[in-house]
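Comments concern the structure below.
2 protein chains.
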Amino acid sequence: MELNIIKVGGNIIDDESKLKAFLKVFSVLEGYKILVHGGGKVASEIGLKLGIEPAYVNGRRITDKTTLDLVTMVYGGLINKNIVALLQAAGCNAIGLTGADGSVLPASRRTVMDIDYGYVGDVQSDKVNTGLIKLLLYNGLVPVFSPLTHDGNGSMLNTNADTIAQEIAKAMAAVMPVQLIYCFEKRGVLIDAADESSVINRISEKDFSELKEKEIISGGMIPKLENAFAAIEKGVSRVIIGHADELGALVTGNAGTWIV
Amino acid sequence: MELNIIKVGGNIIDDESKLKAFLKVFSVLEGYKILVHGGGKVASEIGLKLGIEPAYVNGRRITDKTTLDLVTMVYGGLINKNIVALLQAAGCNAIGLTGADGSVLPASRRTVMDIDYGYVGDVQSDKVNTGLIKLLLYNGLVPVFSPLTHDGNGSMLNTNADTIAQEIAKAMAAVMPVQLIYCFEKRGVLIDAADESSVINRISEKDFSELKEKEIISGGMIPKLENAFAAIEKGVSRVIIGHADELGALVTGNAGTWIV
């Protein structure tokens, strides 16, 4: 049976009615499935009220201890548990996880050159605890991941949700066929950024080179697609990028951009 | 194999060095084990900063929506995940849970007479998802419960940690021998409240009646012991009350008060 790993971002999480509609569609998807959720604005809002200012070192955003506590409670508690409760209400047997739970996502604290990003974790696909994920899936549970990992030395770490989805997908591809779906605020990769109907249905690595050259694909979409191709190289069947409103059609290949 | 269900309260959670020492002892306990943690002062402290005032109706503390969000993030996120990360660092394969995760603790919202307590859940032992708890225990995982349940309609609920420990103990007693251990700030039930060396080693139901009559046991200790006897009636092997500092000795019956 195929495993669908679906990443949903902050723009949906911040909108209660959109989130509920999304979770309703997610709850009835057949087969094995995993949800990975991002952060959302609520963490910054709560942070502001608590007087936690975003911290920067040399112009780079870092996760200091106060920010780590903030994201641990908001991502791992508020957002994750509300999603789990909503999925349970929709008849989906969700179980919320951070990377610390069952040490499902061990990570190492990121230090790049001379920049210490603080409590930020990089997870590697060969460290993902696929045994625990299999155990949960085979017993009818639906893992819901918050964007948090741990360092194995007693500290939680802040980790990008896109990366978590990708590393789980790569790791699980060794166990079963995996489809990785990124839900965001566009209908897919667009030929014309201003025209939502200009979705490119399929992109191969060759297409990608050409589209980059012609500057049809640019900016933040480039690393997104590079990561998608990296996932496919590691055995992920396909990566699909599209709008959260179209989740059902994305999963069956009737919407969004397929990266193959 | 015997299951030890250990409840630890806020006084330990609020003290990082005490918490770490406690978790170190917990991590090396042999056999099946479950940790249930309470809230701690940190929720009120964060609540104060967020401008969340404790809410009362007719003099009764209630959990309004804002308070529910607060405890969901602090209990289910901050406290629970930090405990899990610390246990993982100590080599204990902890997995953090609220009652919503895998619907392990379905609850009903409490309404008593004309008082609506807000988002407060009462969990019943015959509703506890023992299948999931068994699955986790049999696979070497150590469940760590935060004091949260859910109503099955999409909402989290605030639930007393003592009650959660007790209801899980009663439910699991049908599956395996269960020992329920309440860690608090006293060495056990004391003959003289001012003398920590006056611990009563064993209390039977008959002893309890006599001690109540003589007013040696009074106040908050009465419902605690009534609950303990209720648990034993439902098949829990024994309930032990003692100091968190003595966890190792409590488990082996060398400290605290045994209720049998």
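If you read the protein sequences in the order shown, they are chains A and B. Just so you know, the first sequence maps onto residues 0 to 259 in numbering that gives the first Met the number 0. Just so you know, the second sequence maps onto residues 0 to 259 in numbering that gives the first Met the number 0. Yeah, the Cβ is synthetic: ideal placement off N, Cα and C, and Gly gets one too.
Partner residues in the beta bridge of A:C182, as assigned by DSSP, are A:V7, A:G241.
A:V41 is not bridged by DSSP to any residue.
Annotation: Cβ neighbours of B:L140 in chain A (cutoff 7 angstroms, chain order): G101. The beta-carbon of A:L77 is placed less than 8 angstroms from the nearest beta-carbon of chain B.
Annotation: A:K19 is outside any beta strand (DSSP E); the continuous alpha helix (DSSP H) that includes it extends over 15 to 27. Residue range 220 to 232 is occupied by the alpha helix (DSSP H) that includes A:P222.
CA-CA distance, B:N200 to B:G187, rounds to 8 angstroms. Secondary structure remark: continuous alpha helix (DSSP H) runs of at least 4 residues inside the segment 64 to 105 of chain B, in chain order: 64 to 72, 79 to 88. With a cut-off of 8 angstroms on Cβ pairs, the segment 212 to 225 of chain A is not in contact with the segment 37 to 56 of chain A, counting fewer than three such pairs. Assigned with DSSP and collapsed to three states, B:G247 falls in helix.
For B:A170, same chain residues with a beta-carbon under 6 angstroms away, outside a window of 5 residues either side, are S124, V127, T129 in chain order. A:A54 carries a strand assignment under DSSP once its states are collapsed to helix, strand and coil.
Sequence-distant Cβ neighbours of A:I239 in its own chain, meaning closer than 6 angstroms and more than five residues away, are I180, L249, G255, W257.
Under DSSP, A:D115 forms a beta bridge with A:T110. Between B:N226 and B:Q178, the beta carbon gap of about 15 angstroms keeps them out of contact (Cβ cut-off 8 angstroms). The Cβ atoms of A:I61 and A:L104 do not sit closer than 8 angstroms to each other.
Residue contact check for B:L134 against chain A: a CB pair falls below 8 angstroms.
With respect to A:V7, A:L34 sits close: the two C-beta atoms are nearer than 8 angstroms.
Comparing alpha carbon positions, the residue from A:S203, A:I132, A:L69, A:G151 closest to A:A172 is A:I132. Within chain A, the C-beta atoms nearer than 8 angstroms to that of B:D68 come from L77, in chain order. With fewer than 16 neighbouring CB atoms inside 10 Å of its own CB, A:A193 falls in the exposed class. Straight-line spacing of the CA atoms in B:S26 and B:L86 works out to 6 angstroms.
Two segments are said to touch when three or more pairs of C-beta atoms, one from each, lie closer than 8 angstroms; by this definition the segment 85 to 101 of chain A touches the segment 96 to 114 of chain B. DSSP places B:I258 in the uninterrupted beta strand (DSSP E) bounded by 256 to 258. Collapsing the DSSP output to three states places A:T158 in coil.
When DSSP states are grouped into helix, strand and coil, B:G120 belongs to the strand group. In the three-state reduction of the DSSP assignment, A:K32 falls in the strand class, which pools E and B.
In the structure shown, B:I61 adopts extended strand secondary structure according to DSSP, grouped into three states.
Listed in chain order, the non-local C-beta contacts of B:A54 below 6 angstroms within the same chain comprise I61, D63, local neighbours out to five positions each way being set aside.
DSSP lists B:I94 as the bridge partner or partners of B:P142.
By the criterion of a C-beta distance shorter than 6 angstroms, A:I11 is surrounded in its chain by K17, L18, F21, A243, once the five residues flanking it on both sides are discounted. In the same chain as A:R59, and ignoring 5 residues on each side of it, the C-beta atoms closer than 8 angstroms to its own belong to I114, Y116, in chain order. With a 10 Å radius around the Cβ and a threshold of 16 neighbouring Cβ atoms, A:D161 comes out buried.
DSSP links B:T148 through a beta bridge to B:L156. Each residue's CA atom was taken as its position, placing B:L189 and B:N152 some 43 angstroms apart.
The C-alpha of A:R109 lies about 14 angstroms from the C-alpha of A:V56.
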